[in-house]
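Residue numbers (my numbering), protein chains in the order written: chain X, 1 to 183; chain Z, 184 to 366. Here a beta-carbon is modelled for each residue, glycine too, at the ideal position from N, C-alpha and C. Given the structure is predicted, the values throughout are model-derived calculations rather than measurements. Here is the structure we will look at.
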DNA sequence: ACCTGAACACCGTTCAAGT
DNA sequence: ACCTGAACACCGTTCAAGT
């Protein structure tokens, strides 16, 4: 005899992310997530393998918040859009965001974001054999900065100062790319 | 009546770091650290405030592994020495290293490392008012890369590929600095 | 002064039982 | 098929007691 399904994996991950945003990463317990869903902790195990799987799912969810590409935009604007959105995501989800740097870049959402950067680099004129390397280097710069900002490494600096830092970083990213474009 | 002192804070932090290097961050429990020291878990509380303080101490310890400055070296070589040593530290302590990006940059060891970069930027000819910004930007690049490498974001890539990525990043760092040096 | 034993609240996870 | 109750091993932390 089937029961009405109260929750699914997506609801579990959404509740976990809300909990992390509200109370920090260490407040994300099976009990707290379950309470948010009006269910017992044991009910979660039908939808996630264990707590590690739950956390992986939450981190993956972060990348789905990156908007799709705008093919009409210049490569500079495409990259700026991705960078800005990553920075905004980090600010919305400061306790989860740093985990992005610790996860293998092989999940579907992470591939999607990466392919978007590949596209921008190609239309900038970067030779095909250099595209993957440049993607790794510049995504490390942007992810590292957004994670630093979100996790409080720069907590003593004002938003204005950090915006200036980010502008400097963006200039370095563009210069790195242009160094590989034959003129 | 005094007892012989079996452990001190430094021994606790050293044992914690060993435990993290051997079994990963989640294996660092008060019980595991205490066992390594031949003591009960409760004994640790005389030397660290709580587990957060213990972890902070371990992360801080990481930065003390950065060697001091060599005043005879060029600014390029000075920065390369710091970058190389950070990368080596990340490889020695992969599970703890990523926490560096999440800690406020205000601890003594972190100030020491920062001042060393300040010195190199000054001798490169970077104007004084630009020195702090450039330090934040380039340390973010290097820390972000070392953390990515250590934590397995790039685990599918060989050491040779990652060395190439690092060389590209180092070139970007030098270019970023030179952009701010009047010629 | 420093460490231990006992105790507590909390955590992730399992398994059989209920609908 | 999906959720719950009971149970377990483990975790961080406290406090009074021992030397």
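Compute the distance between the beta-carbons of residue i and residue j, then report whether it is under 8 Å.
{"i": "residue 126 of chain X", "j": "residue 134 of chain X", "result": "yes"}
{"i": "residue 175 of chain X", "j": "residue 90 of chain X", "result": "no"}
{"i": "residue 75 of chain X", "j": "residue 123 of chain X", "result": "yes"}
{"i": "residue 44 of chain X", "j": "residue 30 of chain X", "result": "yes"}
{"i": "residue 276 of chain Z", "j": "residue 220 of chain Z", "result": "no"}
{"i": "residue 49 of chain X", "j": "residue 107 of chain X", "result": "no"}
{"i": "residue 95 of chain X", "j": "residue 24 of chain X", "result": "yes"}
{"i": "residue 109 of chain X", "j": "residue 162 of chain X", "result": "no"}
{"i": "residue 264 of chain Z", "j": "residue 250 of chain Z", "result": "yes"}
{"i": "residue 172 of chain X", "j": "residue 300 of chain Z", "result": "no"}
{"i": "residue 28 of chain X", "j": "residue 34 of chain X", "result": "no"}
{"i": "residue 266 of chain Z", "j": "residue 353 of chain Z", "result": "yes"}
Let me make sure I understand the geometry here. Which of the options has the alpha-carbon closest to that of residue i?
{"i": "residue 85 of chain X", "options": "X:33, X:31, X:34 and X:69", "result": "X:69"}
{"i": "residue 46 of chain X", "options": "X:78, X:87 and X:6", "result": "X:6"}
{"i": "residue 187 of chain Z", "options": "Z:222, Z:338, Z:345 and Z:246", "result": "Z:222"}
{"i": "residue 365 of chain Z", "options": "Z:338, Z:340 and Z:304", "result": "Z:304"}
{"i": "residue 193 of chain Z", "options": "Z:352, Z:240, Z:224 and Z:280", "result": "Z:240"}
{"i": "residue 151 of chain X", "options": "X:179, X:178 and X:87", "result": "X:87"}
{"i": "residue 26 of chain X", "options": "Z:314, Z:235 and Z:198", "result": "Z:235"}
{"i": "residue 237 of chain Z", "options": "Z:261, Z:198 and Z:256", "result": "Z:198"}
{"i": "residue 363 of chain Z", "options": "Z:312, Z:343, Z:348 and Z:342", "result": "Z:312"}
{"i": "residue 131 of chain X", "options": "X:159, X:165, X:164 and X:177", "result": "X:177"}
{"i": "residue 78 of chain X", "options": "X:32, X:113 and X:98", "result": "X:113"}
{"i": "residue 256 of chain Z", "options": "Z:302, Z:248 and Z:280", "result": "Z:302"}
{"i": "residue 111 of chain X", "options": "Z:347, Z:280, Z:281 and Z:336", "result": "Z:336"}
{"i": "residue 65 of chain X", "options": "X:42, X:97 and X:41", "result": "X:97"}
Can you name the residues of chain Z whose CB is closer than 7 Å to the CB of residue i?
{"i": "residue 228 of chain X", "result": "Past the edges of chain X, shown from 1 to 183, lies residue 228 of chain X, and the structure says nothing about it."}
{"i": "residue 122 of chain X", "result": "Those do not exist, as residue 122 of chain X stays about 18 Å from chain Z at its closest Cβ, beyond 7 Å."}
{"i": "residue 105 of chain X", "result": "336"}
For a contact meaning CB atoms closer than 7 Å, what does residue i contact in chain X?
{"i": "residue 237 of chain Z", "result": "Under the 7 Å cutoff, chain X gives no residues; its nearest Cβ is about 15 Å from residue 237 of chain Z."}
Identify the contact partners of residue i in chain Z, using a Cβ-Cβ distance below 8 Å as the criterion.
{"i": "residue 147 of chain X", "result": "284, 285 and 327"}
{"i": "residue 98 of chain X", "result": "281, 284 and 285"}
Whose Cβ in chain X lies nearer than 9 Å to the Cβ of residue i?
{"i": "residue 348 of chain Z", "result": "133, 136, 137 and 140"}
{"i": "residue 339 of chain Z", "result": "104, 105 and 106"}
Residue i: beta carbon under 7 Å from a heavy atom of the ligand COA?
{"i": "residue 263 of chain Z", "result": "In terms of ligand content, the structure shown is empty, and the ligand COA therefore cannot be addressed."}
List the residues of chain X whose Cβ lies closer than 8 Å to the Cβ of residue i, in chain order.
{"i": "residue 351 of chain Z", "result": "133, 134, 137 and 176"}
List, in chain order, every chain Z residue whose beta-carbon is nearer than 9 Å to that of residue i.
{"i": "residue 172 of chain X", "result": "320, 321, 324, 355, 356, 358, 359 and 362"}
request  = Taking 8 Å as the threshold, find out whether the segment 330 to 345 of chain Z comes into contact with the segment 98 to 106 of chain X through three or more Cβ pairs.
outcome  = yes
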